[in-house]
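Protein chains in written order, with our numbering: chain A, 4 to 677; chain B, 4 to 677; chain C, 4 to 677.
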Amino acid sequence: MWDLLFGAAYYPEYMPYDRMKKDMEMMKRAGMNTLRIAESTWSSLEPEDGRFDFSYIDGVLEAAKAGGMSVIIGTPTYALPPWLVKKEPEIIVEQKGGRALYGARQLMDIVHPTYRFHAERVIRQLAKHTAKHGTVIGFQIDNETKHYGNYGKYAQELFVNYLRERFVTTEALNQAFCLNFWSNAVHGWDDFPNIKGCCNAGLGSCYAAFLRKLAAEFLKWQAEIVAEYKRDDQFITHNFDFEWKKFGADIAQDGYSYGVQPDLNHAEASTAVSMAGTDIYHPTQDELTGAEISFGGDEIRCLKQKNYLVLETQAQGFKNWTPYPGQLKLHAYSHLASGANGLLYWNWHSIHNGYEAYWMGLLGHDLEENETYREACLIGEEWRRIGKRLSRLKKENKVAVVVDNVSLDALKWYPADKDLSYNDIVRWMYDSLYELNIECDVVDVHSLVPERYRMIVTPALYSVSEETVEALEKFVREGGVLVSSFRSFVADRNLRIYPDRKPHGLNECFGMMYRQFTEPGRTLVEGRQARYFAELLQAQGAETLAPYEHRYWGGYSAVTKNSYGDGNAYYAGTYLEKEQLKKYLLMAAKDAGIKIPAQRWPVIIKSGTSDGKKLHYILHYSEEDREIDCPYEKATDLISGKSYRSGEKILLKDWDVKILEENQENRQAVERVW
Amino acid sequence: MWDLLFGAAYYPEYMPYDRMKKDMEMMKRAGMNTLRIAESTWSSLEPEDGRFDFSYIDGVLEAAKAGGMSVIIGTPTYALPPWLVKKEPEIIVEQKGGRALYGARQLMDIVHPTYRFHAERVIRQLAKHTAKHGTVIGFQIDNETKHYGNYGKYAQELFVNYLRERFVTTEALNQAFCLNFWSNAVHGWDDFPNIKGCCNAGLGSCYAAFLRKLAAEFLKWQAEIVAEYKRDDQFITHNFDFEWKKFGADIAQDGYSYGVQPDLNHAEASTAVSMAGTDIYHPTQDELTGAEISFGGDEIRCLKQKNYLVLETQAQGFKNWTPYPGQLKLHAYSHLASGANGLLYWNWHSIHNGYEAYWMGLLGHDLEENETYREACLIGEEWRRIGKRLSRLKKENKVAVVVDNVSLDALKWYPADKDLSYNDIVRWMYDSLYELNIECDVVDVHSLVPERYRMIVTPALYSVSEETVEALEKFVREGGVLVSSFRSFVADRNLRIYPDRKPHGLNECFGMMYRQFTEPGRTLVEGRQARYFAELLQAQGAETLAPYEHRYWGGYSAVTKNSYGDGNAYYAGTYLEKEQLKKYLLMAAKDAGIKIPAQRWPVIIKSGTSDGKKLHYILHYSEEDREIDCPYEKATDLISGKSYRSGEKILLKDWDVKILEENQENRQAVERVW
Amino acid sequence: MWDLLFGAAYYPEYMPYDRMKKDMEMMKRAGMNTLRIAESTWSSLEPEDGRFDFSYIDGVLEAAKAGGMSVIIGTPTYALPPWLVKKEPEIIVEQKGGRALYGARQLMDIVHPTYRFHAERVIRQLAKHTAKHGTVIGFQIDNETKHYGNYGKYAQELFVNYLRERFVTTEALNQAFCLNFWSNAVHGWDDFPNIKGCCNAGLGSCYAAFLRKLAAEFLKWQAEIVAEYKRDDQFITHNFDFEWKKFGADIAQDGYSYGVQPDLNHAEASTAVSMAGTDIYHPTQDELTGAEISFGGDEIRCLKQKNYLVLETQAQGFKNWTPYPGQLKLHAYSHLASGANGLLYWNWHSIHNGYEAYWMGLLGHDLEENETYREACLIGEEWRRIGKRLSRLKKENKVAVVVDNVSLDALKWYPADKDLSYNDIVRWMYDSLYELNIECDVVDVHSLVPERYRMIVTPALYSVSEETVEALEKFVREGGVLVSSFRSFVADRNLRIYPDRKPHGLNECFGMMYRQFTEPGRTLVEGRQARYFAELLQAQGAETLAPYEHRYWGGYSAVTKNSYGDGNAYYAGTYLEKEQLKKYLLMAAKDAGIKIPAQRWPVIIKSGTSDGKKLHYILHYSEEDREIDCPYEKATDLISGKSYRSGEKILLKDWDVKILEENQENRQAVERVW
């Protein structure tokens, strides 16, 4: 296996003419070593029902072998071939608005037995055909899998079975979701209505969670099939992706990886794979901050608590992603700094027709060298040189940001504000930590192991089980620092709002409670506008870090801090400016004994150990040159080979990267900077 | 019966645990005396087809009896139980976009025989079961009834029958609506097409009016069933609601009662009830003006020309309705000042799951005392004390604002401007009167009795029958004052534009006519921007109160006044600033001999007589304290017991209320203030 | 035949009462000579299946005869009668969202055999009935014909047949559109999927082009039927209309003729008619620029390279079109200046009910004289006097703007920016020429004959065949001037992006190439913001007229000019301010030897010859009076009879028109002004 995988998705079957040899030659020149193929090519691999043609796969594998490249094989199941739809029209997913129209990818009913039959056959054929090939280092199962808003009869039948098993009686069901409301109570499982029109937040969220479960099971099912064929040294992965933030064009021409994926629970689904993978697309040019790369990396790394692979990221992408000189390199090292063990561009060459013709690859439509390609060559050259020292970076962050799909759904039903989503709140807290250079894990609430951390941050953890409440109380009592935002600890996992004081179960821990909340209106906090939602906190032992400033709400607290047991609990009752939030996060980190670099964004410092050596990535997200003091006793920039002593000036050019490797004796240096 | 009803909608069946006793105890403590129950609980009352279970009703009735409370029983017909939909899927209403999906309330086909069969059975069972119970003081039939956009076959068949009866021949039909246009003419009733795609404004409006008629008939049908069971001392009511102004969130989290209800004609439907009821929700906090409470009250009071009941209004409601200290009291007295005989909050306790969990009740989700509940206790205390003197307020307003559903529909088809609705124009004129403290009735055009009034205001009375035109002409001729806005007197009741000069039939009365109108563009009136629509008035005898200021339209009048017979007729050809409109309304009121208090909004004065005594509500919609001079010879504030002499300073604190009862000798005092 | 046709669409069948005689009298008084009737009256002409009633037609023809008027007969096929829809519901077009709902016009399946059967019968009956009548001067086939988004089975079957014929094998099909992408490849024609969900830009555009072809064939089919009956002296025409720019109201209350018609290819369809006709609606009042009249005229005139008829244009229209004094006249002469041989208002009288009641005619709803009618009388009077000298204006423009439906579709799939459409780019370039008084032809790319021109302008000619590329290269090489915008010369006619350097095939001609493009962001050109899209041009021989101003893109060119062969090629790589573009268009026109009047908009000068005499329309689109110097040796204003010598002041009042006829000896005068 390579130290760092470097390559691209490769689609010779989309090419206007055969240039496989030329492509391999150009890839090699760019220092690439890995291709990903086949994940959306069912109609090429099985042009007719039961007739398989792997000749184009064979062609790539042979070319890869000749060029000394590795290959990741994707199962082709996320895009249906026309013959299958013609024969079995019912395998197209039935969504809320009716059966989807064939054309785009990702519109099948993933629990339909007929779809499963055909998918299984092509997976088996493909795995059998390729697993033995020496160039194949692993398999990607399906592609950016989600549940596709499945309201088909199979999914609904499975859901009723699931409810019946979980609640046994319809009375228990009615009680859990308050189905008496608007006469929705069911008295007999046969009366359970079509879920399409469901207007009950709890039941609706329960269905969404169930659909995520079906999607996760679908991945496990695929993994088990592939496992029957693959060699032991081959990995199984999947490209987990994120909520996509759209800008408003009809066609997928802009948008980016923004936050928690609403339609698949990563933690649940990741048990299917042996190595976590991800697709991360992000703003660049003047909008490049590194935050999306960091957020995505921190989330994906925690799925398996080890290194992951960036299966897709942008080369040229959309018109607003054409990278400035230096940015492609900065992108690449940003991924490594979060623990990626390599990256593959989407894609090698721009496509000449079809939906994604302007989601551009490393090569433009002219298929010749260009500025972006030339910068990739630089990356390849450096990775060839220092890749060994960068791979298998270990990170041990002491801060966890807790995320939760159920809370995400809950805030769709019950938005804190029409202009503020769950992921907005997650990113508000995550980005504040990021900009402060407080490195963190991003952990699903079901995977949280509090004792790993010194500080836990909960953005809008609206839905929370009693177990989680107890675990967090214990965490603080035993010395941890908890930082929670408004809309945390409100409802149970069925979205039934706890019928007691809020924050539920943690009043004592936070030393405060609230009974009412309000639109902030003209309310200020520290002279600045409170926004979106304001809980009217009543301190009961807690210190009021900031009160509301308002004629009528002035008696209530906006931000509180409470010493509880051996720990501390912070609570922000409203949406503050990020600069205000950062102040409290710094206080909390100090309480937690977290050491933080002196630098702030746009200088980002990310640290870890590789092969026993301490590495510090210094990533510079700015077009303005600046100097920083070397924060380590003695360190060497792996890229330039230049060494720095503590306090020595390090010049950061526009969009610059340094990777400082500390000398052995300086291992603890990072602890001293504050 | 209580002097003033005070209470809440109560849903023990939504509670996470049994606390009926605690609830009754807290209600009593708040001075409450009335509960409304059952209006959306069909699935609880009839859990299976034909099996009835009134145990929860019985529980409430017994608890109410024990606590000395009264109960209003709502028929549960506006939310279908799942078993019924499963058995009879066709009773779900077919709307323009297809059959609605089950889940939310208010989606049944109210003319479907099967729906009627089941609705009738449950109404009979419930009425029979409860009518004899001593605590039951009345029935609410259905809930916020509308036609739900019914395009089902039953409604359409009834419509064709209705047209056939009304027009006899299709030739008459074609002529009335100009169906020749775009080849829509029908030659034979069997050719009448599905109305869903109708693009004819007249026919489309006619169908909308027909659907309103079906909804009104549905209410009458319910009332007749209930009447078979109810005692003579029990009332029948219905909670008429208003056009809901939305702010844009997907879920019903914000919006408020704005104007004329488009989907039910209140005047037509109110014959079904013995007491008018209403649901009024309104902006509060910094946005509390009292205008919605006043508009709603003035409209609902006129339905029966007597006191009405506020069956629903907000306690805590949405986050933007959390009341400031004093506001809940101000809300309550504002309702009484318009003639309400009491109010019930929606609802007692906030609900812990389901669609409306954040439409919060008097109690929050923790079900404990809170600031808002404590303010309700104050109201209860005061009403216990002075309720007798406040109940059965009689009002005799001399100004009428005429509203009309057909004109509302017409301006949807033919908007004066895409940003100006019919209700915007109604509120523009109504709010101007309101802010001037010119009290008025809000009267449906079909219910208008001109001789009751000295001044009649017609906002955009676009569609008008010849009879109405004649009645208004006579009204002015005999000494009345008519104030009309642009887009009045244009078309007949089929929306056929009258083929003669505008304003149709009233040229002479207004002393002007117009043939053309225009987008105002840069046109000014009195130096201020004319907006939305400008009719190019040609004075022919009328006085031009304000001309247009524009290079080309300068020769035309914007506002005219005409002496006609013994009266006067004002006409505003364009949308003026409210301050400009108020100037002309004041002139008109002066002409009409209407006496108006010297105060203006935010001090609102509403007057009436109760038990022969003259009462004046002084309502202060502002957070800034101010002093006013007592306008009455001698009067006593019923709340504080403090007396004032004419000219004496009355201090109004933020969101304050005074209720001045005049001494007998001062009965005519109000007449003198100007 | 009349020198100039002047009249209106006339719908006595929509009238509230019979006033044919009065109408004829008023028309005559206005100098009108032509009526258009019948184009949407199927339900009147054939009230029942197979029963025809032409009595209302006969009535109009007799009245017209008595009044000495001419009549144009429209076939009534664009609006279905109710009986036909009742009998044959499947002839309603099936669109992407399902079968349309009956009511509005233009919703039939124009390839459905049953529709064709009924349409043919009524056309034959009507043509037979009217063709012999002396007043009938021509026929309009159908009305504003388009394809209506037809996704019905007939259209789709025809499409597959068409593809099969064109590509023979599915392999060729797959290759042309890169159907391998997302597994869309078809292996066997029977597998071709329903096109509704198509997500392939090339195939989707191909279907759109096919639908346009069906609509064009439908017109040819109608024309052939009418031709069997019409007299030789009768014309066949059609009212071609334009992309409609909407402002956002639900109902068609505002919008205007903006650009290239997306749903019918005018060049393709115009072979069906013997005389081109058009519908042009445009902003007026303060927004009257004349640009829409000019653009529409320049496009329609080129269809047959001769005079055309304005079959519809606005009289009073919407509220924002109520003309200022003088504007109706200016509208009328603007049409003539572009080569129209007359115009008909839509419509004679405003309609009193139905969808278009507020798309007002020359008479308002009161059907009496009004200001606009009185201005039409002036036009009539002048045309009676000087019509002979204005008719049959010949224009020989030396500049062509090339437009293309396929490129329009392409930019829907692949927008340069979500706020910039193809027609925005067309209008950006066209309007710049217009405002410079550079007269041009607007030519479909398939009709372009380069040798007719000295300068060719291509706005976003995204899709281009090799033949066109070669023709343009030859055009420049042989001395022509080519001016192209960004997004020109990118893809072939299947939207397959050419896999080589851009601009495809013209690198050498333009002396530059580009490989990358970008969102402009903060990029400037000449100190002003570049907008929407920026191609990073690399000059290779070309002169850089303007570079990008940006830290990273500064090395690239924004505007280039290249001498190539005997000609010149300009290229604008981004969207400049119109003032910047004009500077380069002027340079290009100078290179091309085009002589341009010294005046600029708001003074527009349009020239041509009529009966051997040189005519110059001077059109003044401003409310501010101004003086210009007479640019001709000696010329006479045909309207006023006043003569001017070179340099003599001509006073232009607000919205003024002069028509200067040059004296014989001055024929070449225009050539000297620059």
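The beta carbon of each residue, even a glycine, is placed where N, CA and C say it ideally should be.
Remember, it's a predicted structure, so these values are computed and weren't measured experimentally.
Compare the C-beta of residue i against all C-beta atoms of chain A and say whether one is closer than 8 Å.
i        : result
B:PHE9   : no
C:PHE195 : yes
Consider the Cβ of residue i: report whether some Cβ of chain C lies at a distance smaller than 8 Å.
i        : result
A:GLU16  : yes
B:ASP407 : no
B:GLU454 : no
Which residue's Cα is closest to the Cα of residue i: the options?
i        : options                                   : result
A:ALA279 : A:VAL606, A:LYS616, A:GLU481 and A:ASN146 : A:ASN146
C:GLY482 : C:LYS645, C:GLU371 and C:GLY570           : C:GLY570
C:SER277 : C:LEU222, C:ARG167 and C:TRP5             : C:LEU222
C:TYR232 : C:PHE180, C:VAL125 and C:PHE250           : C:VAL125
A:ALA474 : A:VAL493, A:ASP659, A:GLU454 and A:GLY329 : A:GLU454
In whole angstroms, what is the alpha-carbon distance linking residue i and residue j?
i        : j        : result
B:PHE513 : B:TYR456 : 19 Å
A:CYS443 : A:LYS477 : 21 Å
A:ASP266 : A:ALA204 : 16 Å
Got a sec: is the Cβ-Cβ distance from residue i to anything in chain B below 8 Å?
i        : result
A:ASP235 : no
C:ILE354 : yes
C:ALA82  : yes
A:ASN669 : In this prediction, A:ASN669 has a pLDDT of 45, which is less than 50 and means its spatial position is unreliable; nothing more can be read from the coordinates.
How about residue i and residue j: do their beta carbons lie closer than 8 Å?
i        : j        : result
B:SER337 : B:GLY293 : yes
C:HIS190 : A:TRP324 : no
A:LEU663 : A:ILE621 : yes
B:LEU527 : B:HIS553 : yes
B:SER625 : B:PRO605 : yes
B:LEU129 : B:PRO84  : no
Would the C-beta of residue i count as close to the ligand ATP, meaning under 7 Å from any of its heavy atoms?
i        : result
A:LEU414 : The model depicted lacks the ligand ATP and carries no ligand whatsoever.
Segment contact flag, the stretch 352-360 of chain B with the stretch 483-501 of chain A, C-beta cutoff 8 Å, min 3 pairs: yes
Segment contact, 8 Å Cβ cut-off, at least three pairs: the stretch 389-402 of chain A with the stretch 462-481 of chain A: no
Inter-stretch contact (C-beta, 8 Å, three-pair minimum) for the stretch 111-127 of chain A and the stretch 34-42 of chain A: no
At least 3 beta-carbon pairs within less than 8 Å: the stretch 400-414 of chain B vs the stretch 425-433 of chain B: yes
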